[in-house]
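The numbering used here numbers the first residue of the sequence shown as 14 and each following residue consecutively.
Beta carbons: idealized from backbone N, C-alpha and C, even for Gly.
Report on the structure given below.
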Amino acid sequence: MKPITKETRKFIIAANERGEKPSVIAIWFDIAESSVYNIIALHKKTGDITPKPYPGRPGRLTDNDLDNIRSAIKEKNDITLDELIDKLNLPIKKTRLSEIVNDMDLPFKGTLNAEFFEGWVEQVLAPTLSFGDIVFLDNYSVHKVAGVLEPIYARGATPVFLPEYSPDLNPIELMWSKVKSVLRKLKPRTFDELMESLKQALDSVTYDDIVGWFKHHGYILNN
Numbered sequence: 014m015k016p017i018t019k020e021t022r023k024f025i026i027a028a029n030e031r032g033e034k035p036s037v038i039a040i041w042f043d044i045a046e047s048s049v050y051n052i053i054a055l056h057k058k059t060g061d062i063t064p065k066p067y068p069g070r071p072g073r074l075t076d077n078d079l080d081n082i083r084s085a086i087k088e089k090n091d092i093t094l095d096e097l098i099d100k101l102n103l104p105i106k107k108t109r110l111s112e113i114v115n116d117m118d119l120p121f122k123g124t125l126n127a128e129f130f131e132g133w134v135e136q137v138l139a140p141t142l143s144f145g146d147i148v149f150l151d152n153y154s155v156h157k158v159a160g161v162l163e164p165i166y167a168r169g170a171t172p173v174f175l176p177e178y179s180p181d182l183n184p185i186e187l188m189w190s191k192v193k194s195v196l197r198k199l200k201p202r203t204f205d206e207l208m209e210s211l212k213q214a215l216d217s218v219t220y221d222d223i224v225g226w227f228k229h230h231g232y233i234l235n236n
């Protein structure tokens, strides 16, 4: 996993200030959405985009550290972030470890996502809400952890859970897969290049693509 450069962090903040959604920014830069939220939260809290160094050992993991993390999760996939840090003597904070484990795409059942989501709701989402706002959420388990939505209620807003659905039956998943593939090939390196690349990626989606994706998922279309 490559580190996120300072230049990329600047583009992320600039895109966020222009009103772009973190989920879209994550696609542009091909990084974890959690990383985008963490960078935005750090900037809002400190005005800076440079992560604070972790006291003690340098806050950088070796390949051996990463291998040990994978092995520990495969051995016990309900291990918590604190247990990982203590067991492996890792030189990083839980928020950074959260990003790393998310990017590994392992069957991790620890408190990682709940911890991150709780922090995001409190530090990023809640401050933007007003009385009477409605927040729509899917049925991901961490969205229903006790107390995690309290900052939303405290702002006078109401969380509403969407009906459950399967990504395997949703044609949009295939569309985003194509868009991300095109973005990776174009490799934009500046914000303007990014906007142009995103336009090209979206324009690459054809009518035949859309029809094919719906048929692939078993939907019957009327000509």
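T75 carries a coil assignment under DSSP once its states are collapsed to helix, strand and coil. In this structure, the alpha-carbon of E46 lies about 18 Å from that of A139.
The three-state reading of DSSP puts T171 in strand, counting E and B together. In the structure shown, the three-state DSSP call for F204 is helix. Take E209, set aside five residues on each side of it, and the residues of its chain with a beta-carbon closer than 8 Å to its own are P201, in chain order.
As computed with DSSP, L150 is found in a beta bridge with F174. Here R31 carries a coil assignment [DSSP, helix/strand/coil].
Separation of the CB atoms of I26 and I53 is rounded to 7 Å, and the pair is thereby assigned contact status at 8 Å.
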